[in-house]
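Protein chains in written order, with this note's numbering: chain A, 3 to 276; chain B, 512 to 793. Beta carbons are placed, not taken as given, at the ideal position from N, Cα and C, and that holds for glycine.
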């Protein structure tokens with residue numbers, strides 16, 4: 003039930019993508035996200051699809067698992083598609099019905115927007131699926147280190163992020179447990195109108211908050227007991243160092259960016275056939 | 512009102528890296544009124560097993576029969592099943608949420624559709640059964656001590672008048688005094704009400720004194736099933752899977768090895784003492 007939520011989770015596996023330096027994955031993911039926005043044509047999307055497909059198959063994360071991660075954005079996705087479909091005007095009119103008009107341009111935009119959103123989530127999921135929360139934090143911390151000079155508490159931010167990520171599965175499991183316990187006491191979360199349903203959430207939310215605070219307290223205590231006092235003077239057991247594979251990953255991503263930019267720029271815009 | 516499991520299998524997250532076969536072909540029957548202990552190491556599948564008893568988890572394959580009826584049948588009344596098979600989870604105090612103790616215990620009966628007065632009557636009876644002092648009825652459940660919270664949580668299930676009471680590690684995290692109190696209370700309950708009690712634990716010592724039947728789980732399979740004496744006679748095998756027989760079993764075996772004429776059947780300290788005295792008198 004609630005454990006099906008996979009977005010933002012780590013999927014342990016042995017793969018070239020898992021072995022990459024977290025910094026590479028963060029930067030390349032960002033570049034990939036940018037690449038989705040600097041072009042808007044069929045060839046561009048084809049190239050992005052090939053690139054994403056290669057990365058996914060290399061990562062050895064089951065496609066089923068990645069698709070499951072799309073569940074939380076389904077509503078947003080449908081909303082975007084519908085809005086674009088009916089409100090974008092341009093080109094020939096395909097369907098006209100009462101106050102609804104679907105134009106060629108509207109169909110184009112809504113399909114591209116949907117693909118863009120899906121790739122956005124898939125691209126970033128691949129990063130979190132293949133990078134452990136610790137790796138992610140280390141990478142982010144090192145990447146943002148220059149910001150320390152302008153008094154941004156980089157280490158603290160990175161630490162908060164990693165704790166937040168680490169707590170997603172814990173709290174999900176906790177929710178699952180509390181839900182089951184209340185169902186065992188005859189609670190009903192599935193029937194009734196929206197107000198009754200919201201009220202039925204109290205027996206879950208109160209214990210969940212109590213437990214979140216308790217865990218936060220325990221964690222703070224445990225960190226203090228280990229003399230944690232922020233990033234100052236803290237060294238790493240496994241400092242991040244770029245290897246050959248990381249350089250190759252950068253090179254490949256940069257080539258991909260150049261290609262997609264060139265395609266967006268020089269290939270005739272309208273290759274889309276209706 | 513017997514509960515029976517027939518060839519039950521359960522697999523967690525099938526088809527992913529997290530796949531885990533938690534129950535392997537488990538079959539067992541528990542008759543009404545029995546006091547059963549389910550014992551096993553962490554991850555042996557005992558918690559998964561008991562969640563099948565009231566339909567919270569659906570077996571990947573196999574049948575669960577309550578009172579002779581398959582609970583996976585179309586249109587089976589799960590709500591009724593859940594009020595008849597009361598399940599007290601591990602650390603049940605984490606599910607408390609109401610403003611005061613009495614109202615929290617009323618949650619179960621209220622969900623059964625009883626009127627406010629009836630709910631309160633059930634709640635008072637249940638709190639009385641677990642020996643919870645009346646002067647704290649109007650206190651916030653969050654301000655109680657660990658042992659008291661647990662009593663309230665157990666009362667929350669008892670207030671629904673279940674015919675079967677399943678408790679998952681009811682003594683986890685309690686001090687020895689709290690542990691003994693809770694276990695004595697459960698035994699008292701069993702004697703008073705005649706309900707079936709299923710007690711899950713990883714400590715033989717805890718349950719040896721109370722139960723009339725022990726089911727040993729190991730890696731998702733039922734390893735042993737029988738009266739305590741019989742199960743403890745396999746103490747060598749129990750050790751291999753990280754469990755142990757009660758200490759008296761070892762004492763009696765050692766005594767016998769050194770030439771004392773004692774039987775090794777004793778499972779409680781009282782029985783052991785009687786047996787040793789007897790051997791001296793003979």
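Distance CB(residue i)-CB(residue j) smaller than 8 Å
i: residue 573 of chain B; j: residue 731 of chain B; result: no
i: residue 519 of chain B; j: residue 596 of chain B; result: no
i: residue 259 of chain A; j: residue 37 of chain A; result: yes
i: residue 14 of chain A; j: residue 133 of chain A; result: no
i: residue 745 of chain B; j: residue 552 of chain B; result: no
i: residue 161 of chain A; j: residue 130 of chain A; result: no
i: residue 548 of chain B; j: residue 668 of chain B; result: no
i: residue 120 of chain A; j: residue 61 of chain A; result: no
i: residue 607 of chain B; j: residue 565 of chain B; result: no
i: residue 679 of chain B; j: residue 727 of chain B; result: no
i: residue 661 of chain B; j: residue 687 of chain B; result: no
i: residue 466 of chain B; j: residue 612 of chain B; result: Here chain B comprises residues numbered 512 to 793, so residue 466 of chain B is not present and cannot be evaluated.
i: residue 105 of chain A; j: residue 91 of chain A; result: yes
i: residue 775 of chain B; j: residue 719 of chain B; result: no
i: residue 692 of chain B; j: residue 658 of chain B; result: yes
i: residue 619 of chain B; j: residue 194 of chain A; result: no
i: residue 672 of chain B; j: residue 630 of chain B; result: no
i: residue 112 of chain A; j: residue 136 of chain A; result: no
i: residue 117 of chain A; j: residue 75 of chain A; result: no
i: residue 696 of chain B; j: residue 759 of chain B; result: no
i: residue 54 of chain A; j: residue 248 of chain A; result: no
i: residue 834 of chain B; j: residue 523 of chain B; result: The displayed coordinates of chain B run from 512 to 793. Any statement about residue 834 of chain B would go beyond what the structure contains.
i: residue 156 of chain A; j: residue 147 of chain A; result: yes
i: residue 196 of chain A; j: residue 180 of chain A; result: no
Beta-bridge pairing of residue i - partner residues as DSSP gives them
i: residue 735 of chain B; result: B:727
i: residue 517 of chain B; result: B:574
i: residue 540 of chain B; result: B:515
i: residue 707 of chain B; result: B:675
i: residue 546 of chain B; result: B:708
i: residue 551 of chain B; result: B:728
i: residue 532 of chain B; result: B:522
Residues near residue i in its chain [Cβ-Cβ closer than 8 Å; skip 5 each side]
i: residue 674 of chain B; result: 512, 543, 595, 596, 706, 707
i: residue 238 of chain A; result: 140
i: residue 561 of chain B; result: 549, 598, 677, 679, 709, 711
i: residue 666 of chain B; result: 616, 634, 637, 638, 640, 641, 643
Burial state of residue i (16 or more Cβ within 10 Å)
i: residue 514 of chain B; result: buried
i: residue 621 of chain B; result: buried
i: residue 101 of chain A; result: exposed
i: residue 143 of chain A; result: buried
i: residue 602 of chain B; result: buried
i: residue 462 of chain B; result: It is not possible to answer for residue 462 of chain B, since the shown part of chain B is limited to 512 through 793.
i: residue 563 of chain B; result: buried
i: residue 537 of chain B; result: buried
i: residue 150 of chain A; result: exposed
i: residue 588 of chain B; result: exposed
i: residue 230 of chain A; result: exposed
i: residue 251 of chain A; result: buried
i: residue 738 of chain B; result: exposed
Beta-carbon proximity list for residue i, same chain, < 7 Å, skipping 5 on both sides
i: residue 176 of chain A; result: 210, 213
i: residue 171 of chain A; result: 11
i: residue 771 of chain B; result: 790
i: residue 261 of chain A; result: 49
i: residue 756 of chain B; result: 715, 743, 746, 749
i: residue 274 of chain A; result: Per-residue confidence for residue 274 of chain A stands at a pLDDT of 47, beneath the threshold of 50, marking its modelled position as unreliable; no derived number is given.
i: residue 610 of chain B; result: 651
i: residue 773 of chain B; result: 763, 766, 767, 786, 787, 790
i: residue 546 of chain B; result: 701, 708, 721, 722, 723
i: residue 33 of chain A; result: 255, 259
i: residue 93 of chain A; result: 105, 106, 107
i: residue 87 of chain A; result: 104, 108, 109, 112
i: residue 95 of chain A; result: 103, 105
Same chain only: Cβ atoms within 6 Å of residue i, ignoring 5 sequence neighbours per side
i: residue 265 of chain A; result: 45, 46
i: residue 600 of chain B; result: 679
i: residue 521 of chain B; result: 533, 534, 559, 570, 571
i: residue 115 of chain A; result: 82, 86
i: residue 183 of chain A; result: none
* What are the start and end residues of each continuous beta strand (DSSP E) run of 3 or more residues lying completely inside the region 151-184 of chain A, in chain order? -> For the region 151-184 of chain A, not a single whole beta strand (DSSP E) run of length 3 or above is found.
* **Runs of alpha helix (DSSP H) lying entirely within the region 572-644 of chain B, each at least 4 residues, in chain order** => Listed in chain order, the complete alpha helix (DSSP H) runs (minimum 4 residues) inside the region 572-644 of chain B are 589-595, 612-622, 627-640.
* To do: Would you list, in sequence order, the uninterrupted alpha helix (DSSP H) runs of no fewer than 4 residues that lie entirely inside the region 642-670 of chain B?
  => List check, alpha helix (DSSP H) in window: 657-669.
* To do: Could I get the ranges of all uninterrupted alpha helix (DSSP H) runs contained in the region 738-782 of chain B, with 4 residues as the minimum, in chain order?
  => The region 738-782 of chain B contains these whole alpha helix (DSSP H) runs: 739-743, 746-751, 758-768.
* To do: Tell me the start and end of each unbroken beta strand (DSSP E) in the region 51-130 of chain A that is at least 3 residues and wholly inside, in chain order.
  => The beta strand (DSSP E) runs lying completely inside the region 51-130 of chain A and spanning 3 residues or more are 95-99, 102-105, given in chain order.
* Asked: Quick one: complete alpha helix (DSSP H) runs, 4+ long, within the region 182-214 of chain A?
  -> Uninterrupted alpha helix (DSSP H) stretches at least 4 residues long and entirely within the region 182-214 of chain A occur at 196-202, given in chain order.
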